[in-house]
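Working notes, beginning with the structure itself.
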Amino acid sequence: MAHFDPDYLEFFKELAPNNHKDWFDENRKRYQKNVKDPFYAFVDEIIPEIAKIDEIKYEITAKDCVFRINRDVRFSNDKSPYKLRMSAIISPAGKKDKTYPGLYFEMGPENFTIYGGVYMLSKDQLYDCREAIAKNAKEFDKIVNDPKFKKTYGEIHGEKNKVIPKEFKEAGEKQELIYNKNWYYYCKLDPETILKDDVKKILLENYKAGKPVKDFFEKALKDG
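According to the working numbering, the stretch in the sequence shown is residues 1290 to 1513, in order.
Okay, here's the thing in structure tokens:
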């Protein structure tokens, strides 16, 4: 049984050229029924599955994980009030801690994208991650070059620093990813996948493919 009605995608397609409050208010019940409610239900189904894979208890619900459809337009030239997708982050802290490695995904007609890794790190957290890479160079190299990871996500992305602490320079000569100031990976799926019966299975399989990398950074942050 499919988790989402075709109108889930259609709603956003129609919102794109009508991205204003009047249109949204006219279609609010439709949004609630075919977009928001099924997305929240989907996230609530995913949470215990992720907890099972991670072998820990997640004391969160979809409410703790799902981001608002309203855009923050304060510092943007684009004043369109609504996003053209739904998104959620599943980790022990949910939205409260965006630095914690977990599962982040976006679902809309333009993209169905799955993300993992670490982002928005503090200075100390960045140091801890670099230290973990330097001390566990062989392990790190193995997991980022794992065939399953590379087939699913390709490579590790992230902004880089031109200069790093001198204690990491030797390690940086062998592993350039130590210059990163964030480490993330993502894969893009056909948005029509959202309407498939096995979308949950597909999402979880992609999460598993990135889990060794996720676990590496999770340990780095805990041990730091």
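From the three backbone atoms N, C-alpha and C, an ideal C-beta is built for every residue, glycine too.
Check, Outcome
"Distance between beta carbons of E1348 and S1376, contact taken as under 8 Å", "In fact, because the Cβ distance is near 21 Å, the residues do not count as touching under 8 Å."
"Which residues DSSP lists as bridging Y1475, in chain order", "Y1404"
"Separation of K1352 from K1346, as counted between CA atoms", "17 Å"
"For R1374 and F1300, believed in contact at Cβ under 8 Å, the rounded distance", "Contact doesn't hold; Cβ gap of about 11 Å is too wide."
"Among E1462, Y1496, N1471, nearest to K1560 - alpha-carbon criterion", "No statement about residue 1560 is possible, as the shown extent of the chain runs from 1290 to 1513 and does not include it."
"CA-to-CA distance, K1325 to L1510, given in whole angstroms", "33 Å"
"Contiguous alpha helix (DSSP H) assignments of at least 4 residues, all confined to the segment 1300-1369", "1310-1315, 1317-1320, 1326-1343, 1351-1354"
"Contact belief for F1506 with P1390 at Cβ below 8 Å, rounded distance in angstroms", "5 Å"
"Helix, strand or coil at F1457 [DSSP, three-state]", "helix"
"Euclidean distance between Cα positions of K1500 and E1465", "21 Å"
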